[in-house]
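In our numbering, the protein residues as written are 200 to 585.
Right under this line is the structure:
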């Protein structure tokens, strides 16, 4: 769904070559140019400046596509309706323009008429899924939304008395880790505005880490019996939907044991980043992370911290009944967490909050024969921990 700007292929035909001028003509031209240089050079400079300015304007303000010119008036009317009804979103702030988004594409205004407005809440101390979903559905229906979708739907479903529960469930399930927070799957809505324009909306929630490197560090958690207090934020994005198909969200297949194991490793990486003062291998810390993982990812299997002779947790016993059983390493030593990833990110796990570089679900390592040597984070041995 991402928009791409493609350059036109270059012309492979060689440019025509003109016959070489005679020596006499060349001399005449040199004399003529010498006499006119005082007049022509300033003119040439002005022409160059004008040409550069025109080229720059063409790059900054490219000529919009014909479809954009044709459909933008309808899109503009829809955005006016959005802002006219913004008071219905009491929990959200004033809308802002959004460009290039995961979900609804939100291209720039020269690429498509489907430019986006985004509403965001303040950072909240507690989840408000029910209230946010209720406001969103009332707002959406007012603007002409008639269908919604959640992951697993093969197609958009008609808005019904089940839509509130569908939205709430989605806000608290199967989050995507981005290192500095958990982002919920997207709740998508679609319909037709009163002016006939096709429209779409996307709602998602974010659980935000207390560690924000753009700001001063807060008072850090030093209590191993709990995880650091998070904040929550919700975003609602809307646009016309002329150029894009039904916005059906796709999430990984969490019935796959390896994906569930990867989600567990994401959880350890994220909470270690968010609780940098806690001992990395502390048993209580590990149990709290495991409990949060099982809740977020709806995992009904067995996940147990394995204590070594020092009472530390370097391994976790993971059992997906009748499917997969493994003992996975959650780190041999603290040096692993400051070791930088390859060049594309240049951060350690303690900074990125991700175990596999710059992407989620990338932490599962190699199947090893034994864990006696304390293999690195993500490596695993089939069977129970020994």
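In this text, a Cβ means the ideal position worked out from N, Cα and C, and glycines have one as well.
Mapping DSSP to helix, strand and coil, what is residue 569? Note: residue 569 maps to coil in three-state DSSP.
In terms of residue numbering, what span does the alpha helix (DSSP H) encompassing residue 464 cover? Its alpha helix (DSSP H) spans residues 456-473.
Count the CB pairs spanning the stretch 353-369 and the stretch 457-464 that are closer than 8 Å, and state whether there are at least three. No, the stretch 353-369 does not touch the stretch 457-464.
How long is the line joining the alpha carbons of residue 442 and residue 340, rounded to whole angstroms? Going by the C-alpha atoms only, they are around 22 Å apart.
So the beta strand (DSSP E) residue 397 belongs to, where does it begin and stop? Run containing residue 397: 397-407, per the beta strand (DSSP E) assignment.
Specify the secondary structure class of residue 295 as computed by DSSP and reduced to three states. The answer is strand: DSSP assigns residue 295 an E or B state.
State the DSSP-derived secondary structure class of residue 330, mapped to helix, strand or coil. If DSSP states are grouped into helix, strand and coil, residue 330 belongs with the helices.
Is the CB-CB distance between residue 430 and residue 322 below 7 Å? Yes, these two residues count as a Cβ contact at 7 Å.
Cβ pair residue 303, residue 447 closer than 7 Å: Taking 7 Å as the Cβ cut-off, residue 303 and residue 447 do not qualify as a contacting pair.
Per DSSP, residue 381 is paired with what? 376 and 406.
Who does residue 344 pair with in a DSSP beta bridge? DSSP, once it has assigned bridges, lists 390 as partnering residue 344.
Close-in-space but distant-in-sequence residues of the same chain around residue 224 (CB under 7 Å, 5 per side omitted): Confidence in residue 224 is poor, its pLDDT being 37 and thus under 50, which makes the residue's placement unreliable; the coordinate value appears in the next sentence. For residue 224, where only same-chain residues beyond five positions count, there are no Cβ hits under 7 Å.
Compute the Euclidean distance between the alpha carbons of residue 305 and residue 315, then round it to the nearest angstrom. Roughly 5 Å between the two C-alpha positions.
Just checking residue 486 against the ligand FAD - is the residue's beta carbon closer than 6 Å to any of the ligand's heavy atoms? The ligand content of the structure shown is nil, which means the ligand FAD is not present either.
Do residue 383 and residue 404 have their beta-carbon atoms positioned less than 7 Å apart in this structure? Yes, they are a contact pair.
Assuming contact is defined by CB atoms lying nearer than 7 Å, are residue 518 and residue 493 in contact in what I supplied? Note that the C-beta distance between residue 518 and residue 493 is not below 7 Å.
In its own chain, which residues sit with a C-beta less than 7 Å from the C-beta of residue 585, not counting the 5 before and 5 after it? Answer for residue 585: no residue qualifies.
With DSSP as the reference, label residue 257 as helix, strand or coil. Confidence in residue 257 is poor, its pLDDT being 43 and thus under 50, which makes the residue's placement unreliable; the coordinate value appears in the next sentence. When DSSP states are grouped into helix, strand and coil, residue 257 belongs to the helix group.
Rank 381, 320 and 438 by C-alpha distance to the C-alpha of residue 390 and give the top, closest one. For the options 381, 320 and 438, the alpha carbon positioned closest to that of residue 390 is the one of 438.
If you draw a straight line from the C-alpha of residue 512 to the C-alpha of residue 529, how long is it? So the alpha carbons of these two residues sit roughly 8 Å apart.
Taking only beta-carbon atoms, is residue 296 less than 7 Å away from chain B? Here chain B cannot be found, since the structure has a single protein chain.
Kindly indicate which three-state DSSP category residue 585 falls into: helix, strand or coil? If DSSP states are grouped into helix, strand and coil, residue 585 belongs with coil.
Between which residues of its own chain and residue 539 is the CB-CB distance below 8 Å, once the five residues before and five after are set aside? Contacts found: 545, 546 and 547.
If we count the other Cβ atoms within 10 Å of its Cβ and call it buried at 16 or more, is residue 262 buried or exposed? Classification for residue 262: exposed.
Check whether the Cβ atoms of residue 562 and residue 574 lie closer than 7 Å to each other. No; because the gap between Cβ atoms is not below 7 Å, this pair is not in contact.
Any idea if residue 349 is buried or exposed, counting beta-carbon neighbours within 10 angstroms, 16 or more meaning buried? Around the CB of residue 349, 16 or more other CB atoms lie within 10 Å, so the residue is classed as buried.
Grab the span of the beta strand (DSSP E) containing residue 319 for me, first residue to last. For residue 319, the uninterrupted beta strand (DSSP E) segment begins and ends at 315-319.
Do residue 570 and residue 514 have their CB atoms nearer than 7 Å? In this structure, residue 514 lies closer than 7 Å to residue 570 by Cβ.
By the three-class DSSP mapping on this structure, what secondary structure does residue 524 have? Looking at residue 524 - three-state DSSP - the assignment turns out to be strand.
Within 10 angstroms of its Cβ, does residue 143 collect 16 or more other Cβ (buried), or is it exposed? Absent from the structure is residue 143, since the part of the chain shown begins at 200 and ends at 585.
How far does the beta strand (DSSP E) with residue 504 in it reach, from first residue to last? Looking at the DSSP string, the run of the beta strand (DSSP E) that includes residue 504 is 501-506.
Residue 579 - partner residues in DSSP beta bridges: Its beta-bridge partners are 527 and 566.
Counted within 10 angstroms of its Cβ, other Cβ atoms place residue 286 as buried (16 or more) or exposed: Flag for residue 286 reads exposed.
How many whole angstroms separate the CB atoms of residue 486 and residue 408, which I take to be in contact at a CB cut-off of 8 Å? Not quite, the Cβ-Cβ distance comes to about 20 Å (not below 8 Å), so this is no contact.
Residue burial classification, residue 354 (beta-carbon count within 10 angstroms, cutoff 16): Residue 354 counts as exposed, since fewer than 16 other C-beta atoms from the protein chains shown sit within 10 angstroms of its C-beta.
DSSP beta-bridge partners of residue 363: The beta-bridge partner set that DSSP reports for residue 363 is empty.
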